[in-house]
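In our numbering, the protein residues as written are 45 to 444. Written below as structure tokens is the structure these notes are about.
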Amino acid sequence: MNNNWSCSPGLVVKMERGPFQDNGATPWYCVMGIGTPPQPLYICFDTGSNFNWVTSSLCGPDRCVHYAGHKFNIECSASFDWIDQSKQLVSFGPWGDMYAELGSDFLSLSGAESLNLRANILMASEYNAIQFQELDWDGGIGLASSQQSAPFSALPGKLPFRSYDASTVSADVTESFDDEFHFFLKLMKNGMVSKDMPFISFINDSEQGYVGFGVLDENYQDSLDYVFLPWECYQEAACYLWSTGNASVSVGGDVVGSGLFFALDSGSSQFKGDSGTLGVLQKMTESDNPEITINLKDTNGNDYAELKVTSDIYKCEIEAGQYKGEVKTQFEPLANADKMLLVGSVIMDHLYTVYEYSVRDENHLDPVGMWIFNKPDGPVIITNRQARPASIFNRGGGNS
């Protein structure tokens, strides 16, 4: 992978890939140090969650079993501080529940000596499900679109996505609680990312990947094979997702779902969401190989984006776990995910993806939207061709 990163202040993190497993989670992670001295752990940069967490030494011997296999040893870090030791529920949707206690410690990366950020981190004390067992990483850093935590009471039943309700924390915790979870905002406040470059970008291939914070891959600065997806809040309890509205899905010209929110989630792998739409797609692709088309309309009802997804993209060989060696279609219906069409690495591995914020002030970021580009040597997923290159490469941000 020959990247050409812009020269602005920022951070480029190399990603590694674990085996693809049929648990709906991305196989991509970085090796991050947590604590003093740094304990190397496999951490996912996750645009589909609003919190930071790590498997910790609070877990009993029969709890927190996962493929990556590492735990953060709280007692071995000289810089660890407790914030709230009450046992708190963290929702992982269909994966099950995780229980954790809230602490704070330093994050570090090899080769990035200037990165030494203290952040709030949920210390997992319990989880136990097959989806966790097949997890290639030890924890995650949330890169939510919104800094606001998700009120569970806003949705009936269990929220189907990874989320944390900060209102469960004791009242004496600082009012800037949500800011303390936001890794990208902390990079900006510490001068590691310019406010003029409020971008997070992902690019992966079969062997290696990178996440750019405040930098862009200038190999795409002249590309016309891209589309901008304006951010729109899915619903109050999941407003932290990077989603855009007015999407529809069709198979062979027949619409199987409309009025959907399309979301790109770097912590996920497969397509998942609306039980009706995803159930139909799952059934139609299990024994056949139809081409799937995703269309998006603007606020005037005009089509502005078309994505083509072929079976060599949505059918994947399972490399480890309970279905090792099988080829399985990657469509998963979720309860309580009405009108959602979310996808992660299954499609993002074939695109260059940029998430854009706007900077309201030094303590607040607002989501602008997502830019996706076809790779020059990859499948033509985006069928649109633009009249001029993407404006994000003008260094000023914005989508004009």
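All C-beta atoms in this analysis are idealised placements derived from N, C-alpha and C, irrespective of residue type, glycine included.
query, result
"Same chain, Cβ closer than 6 Å to histidine 114, neighbours up to 5 away in sequence not counted", "Leu85 and Asp182"
"Alpha-carbon to alpha-carbon, serine 294 and proline 334", "10 Å"
"C-alpha gap between tryptophan 286 and valine 259, whole angstroms", "19 Å"
"Whole-angstrom distance between glutamate 119 and tryptophan 126, CA atom to CA atom", "11 Å"
"Residues that DSSP places opposite tyrosine 111 in a beta bridge", "Tyrosine 111 pairs with nothing; no bridge assigned."
"Proximity below 9 Å, CB of aspartate 149 to CB of threonine 70", "no"
"Any 3 or more C-beta pairs closer than 8 Å across the stretch 341-359 and the stretch 424-433", "yes"
"Three-state secondary structure (DSSP) of aspartate 410", "strand"
"Nearest-angstrom Cα separation, counted from phenylalanine 89 out to methionine 45", "20 Å"
"Contact set for glutamine 252: own chain, Cβ-Cβ below 8 Å, skip 5 residues either direction", "Met45, Lys58, Met59, Glu60 and Arg61"
"Aspartate 356, enclosing beta strand (DSSP E) - first and last residue", "It is not in any beta strand (DSSP E) - aspartate 356 instead sits in the alpha helix (DSSP H) that spans 355-358."
"Neighbourhood of valine 36 by C-beta, 8 Å cutoff - its chain only, sequence neighbours within 5 removed", "The chain is shown from 45 up to 444; residue 36 falls before or after that span and cannot be answered."
"Top-ranked residue by Cα proximity to proline 53, from Tyr111, Val412 and Val237", "Val237"
"Start-to-end residues for the alpha helix (DSSP H) that takes in threonine 329", "319-330"
"Reduced DSSP secondary structure (H/G/I, E/B, other) of tryptophan 72", "strand"
"Continuous alpha helix (DSSP H) stretch holding leucine 285: start and end", "Note, leucine 285: premise wrong, no alpha helix (DSSP H); not H, not E."
"Range covered by the alpha helix (DSSP H) that runs through leucine 268", "Neither: leucine 268 is in no alpha helix (DSSP H) and is coded neither H nor E."
"Start and end residues, beta strand (DSSP E) containing leucine 85", "83-90"
"Identified DSSP bridge partners for leucine 229", "Answer by DSSP bridge pairing: none, since leucine 229 is not bridged."
"Start-end ranges of the alpha helix (DSSP H) lying completely within the stretch 146-187, minimum 4 residues", "174-177"
"Whether glycine 422 touches proline 377 by CB criterion (9 Å)", "no"
"8 Å Cβ shell around asparagine 96 - same chain, five flanking residues per side excluded", "Ala163, Asn164, Ile165, Leu166, Gly183, Gly184, Ile185, Gly186, Phe225 and Phe227"
"Beta carbon of alanine 144 nearer than 9 Å to that of alanine 112", "no"
"Burial state of threonine 99, where buried means 16 or more other Cβ atoms lie within 10 Å", "buried"
"Selection from Ile362, Gly301, Ser435 and Gln65 that minimises the alpha carbon distance to methionine 384", "Gly301"
"Where the alpha helix (DSSP H) through isoleucine 391 begins and ends", "389-392"
"Assigned secondary structure, serine 190 (DSSP; H/G/I helix, E/B strand, else coil)", "coil"
"Proximity of phenylalanine 116 and arginine 206 at Cβ, strictly below 9 Å", "no"
"Chain-order list of residues whose beta-carbon lies under 7 Å from that of glycine 317 (same chain, five-residue window excluded)", "Leu378, Ala381, Met384, Leu385 and Leu386"
"Distance, proline 138 Cα to asparagine 443 Cα", "Summary for asparagine 443: the model assigns pLDDT 43, below 50, so the residue's position carries little reliability, and this model does not support an answer."
"Simplified DSSP assignment, three categories, for glutamate 280", "helix"
"Sub-9 Å separation of valine 271 and leucine 153 beta-carbons", "no"
"Alpha carbon of lysine 359 to alpha carbon of leucine 308, nearest angstrom", "18 Å"
"Spatially closest choice to glutamate 170 from Cys103, Lys230, Ser123 and Ser189, by CA coordinates", "Cys103"
"Coil, strand or helix - phenylalanine 136 by DSSP", "strand"
"DSSP bridge partner residues for isoleucine 336 (one or two, in chain order)", "Val295 and Val353"
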